[in-house]
Each structure stands twice: as structure tokens, then as C-alpha cells.
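Below you'll find the structure, written out as C-alpha cells, and then a few comments.
In this note's numbering, the protein residues as written are 72 to 275.
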């Protein structure tokens, strides 16, 4: 996505038809990239959550429950990566919408308009679903991790001598995870609108 300002001298070297054809091709290419990104984000969230759940099951079954204290951190990494991919997808949706608006301005016809609006609506619903799943999994991981950390207070439990250290580290990892996830969630707001504005500025 170029952020160069519109250059009249450069534009005069191309006909409107050539520019419109390029815009249409770019729209289609970006649409394919958006589909790839959204699919990748869903797969990463699902696969990551599954792997971590299996690891937790093995840890409990193998008598290594202390590994559960790392569970919130692992879930945070997966959710943050999924949110980052969604942020990139939203930016590309805004870019695509900007291209569609430019096509409409040049031709007066909505040749491929509304597609980005549909994608944006779908992305919003997907983000809500991602947040619901991520929040549920993270809450479960947080509960298991904290329960295991406090279990270290029991005499004879693993890590009993340093129980409060493990409790502090687990609480800190939960707090950091919530903070980082909150930041990446905040970045989703306006991502599409900013990218759309850059396209309008580029051709304006």
C-alpha cells in the first residue's frame, strides 16, 4: 500500500482506462490476501488453543501440573497473534474500500463496490467470535494457572519453598497478557478507516 501523494505529471502518462484496470486488479489481489489472512488467523487461534489444551491435559495427567502456571502466557501469545492478523486484515479492507471508492469516482459505476463493506461486516463478526473464544480460553487458562500457583502453598507440593514467587510471577504474566491483549484489541479500532483515508489522500 503506497502512501505517496498524487502526482499529476505521473498520472498524465496513463489513461483513465489503464488506471481503472489497475485499480480493479489491485482490488481483486487485495481481496485474495484478505481471505488468506482471515483464514490464517482462524486456523492459528484454533490450532494454538487445541495444542495448549492438549499440553495442559498431558501436564495434569503426567503429574506435572506446575506447567499450568505457563498456560496464561501461552494463550496470550496465540490470541495476540490472531489479533495482529485481524488488524492487518482490517487495514487491507480499508485499503480495498479506498480503491473501490476511487473506481466509483472515475467511472461513476460501482463496478466492484460493496465487497469491502461486506468483508468489513464479516470481519467485525469474526472479531467478536474470536474475542469470545479467546476470552473463554484465557479465563480457563488463568484459573488453572492461578490455582496451580496457589496450590504450591500446600506443604509437600511442588515449589512449596518458593510458592509466593510462583504466585507473583503467575499473576504478573496474567496482568501482562491482559494488558498486551487489550492494546492489540484497541488497535483494531479505526484501522480500516485510516487505510481508506490514505488511499483517498494518495489519489486526491
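From the three backbone atoms N, C-alpha and C, an ideal C-beta is built for every residue, glycine too.
Straight-line Cα distance separating residue 157 from residue 230: Between residue 230 and residue 157, the C-alpha separation is close to 39 Å.
Is DSSP giving residue 104 helix, strand or coil here? In the three-state reduction of the DSSP assignment, residue 104 falls in the helix class.
Among 98, 95, 92, 143, whose alpha-carbon lies nearest the alpha-carbon of residue 212? Measuring from the Cα of residue 212, the nearest candidate turns out to be 143.
Under 9 Å between the Cβ atoms of residue 164 and residue 146? Between residue 164 and residue 146, the C-beta gap is not smaller than 9 Å, which leaves the two residues out of contact.
Simplified DSSP assignment, three categories, for residue 167: In this structure, DSSP gives residue 167 a helical state, which the three-state scheme calls helix.
Which residues in the same chain have their Cβ closer than 6 Å to the Cβ of residue 244, if we skip the five residues on either side of it in sequence? The residues 143, 144, in chain order, have a CB closer than 6 Å to that of residue 244 in the same chain once the five nearest residues on each side in sequence are set aside.
Residue range of the unbroken alpha helix (DSSP H) whose run includes residue 244: 234–258 is the span of the alpha helix (DSSP H), which, as asked, contains residue 244.
When 199, 127, 259, 176 are compared against residue 88, the one with the closest alpha-carbon: The alpha carbon of residue 88 has as its nearest neighbour, out of 199, 127, 259, 176, the alpha carbon of 176.
Near residue 140, which residues of its chain fall below 7 Å by C-beta distance, leaving aside the five closest residues on each side in sequence? The beta carbon of residue 140 sits closer than 7 Å to the beta carbons of 216, 219, 220, 237, 241 from its chain, once the five residues preceding and following it are set aside; these are given in chain order.
Residue range of the alpha helix (DSSP H) that includes residue 274: Element bounds for residue 274: 262–274.
Status (buried if at least 16 other CB within 10 Å, exposed otherwise) for residue 247: With fewer than 16 other Cβ atoms within 10 Å, it is exposed.
For residue 199, does the three-state DSSP call read helix, strand or coil? Residue 199 falls in the helix class under three-state DSSP.
Report the three-state DSSP secondary structure of residue 84 (helix, strand or coil). Here residue 84 sits in coil by DSSP.
Report yes if the CB atom of residue 116 is closer than 9 Å to the CB atom of residue 204, and no otherwise. Cβ atoms of residue 116 and residue 204: closer than 9 Å.
If you drop the 5 nearest sequence neighbours on each side, which residues of the same chain put their C-beta closer than 8 Å to that of residue 105? Its chain contains 160, 163, 164, 167, 190 as the residues whose beta carbon lies nearer than 8 Å to that of residue 105, once the 5 sequence neighbours on both sides are disregarded; these appear in chain order.
Taking the beta carbon of residue 259 as the centre, do at least 16 other beta carbons fall within 10 Å, making it buried, or is it exposed? It counts as buried.
Does the Cβ of residue 209 have 16 or more other Cβ atoms within 10 Å, making it buried, or fewer, making it exposed? Looking at its Cβ environment, which holds 16 or more other Cβ atoms inside 10 Å, residue 209 is buried.
In the structure shown, what three-state DSSP assignment does residue 143 receive? It is helical.
Per-residue DSSP class, three states only, for residue 225: When secondary structure is reduced to three states using DSSP, residue 225 falls in the coil class, being assigned neither helix nor strand.
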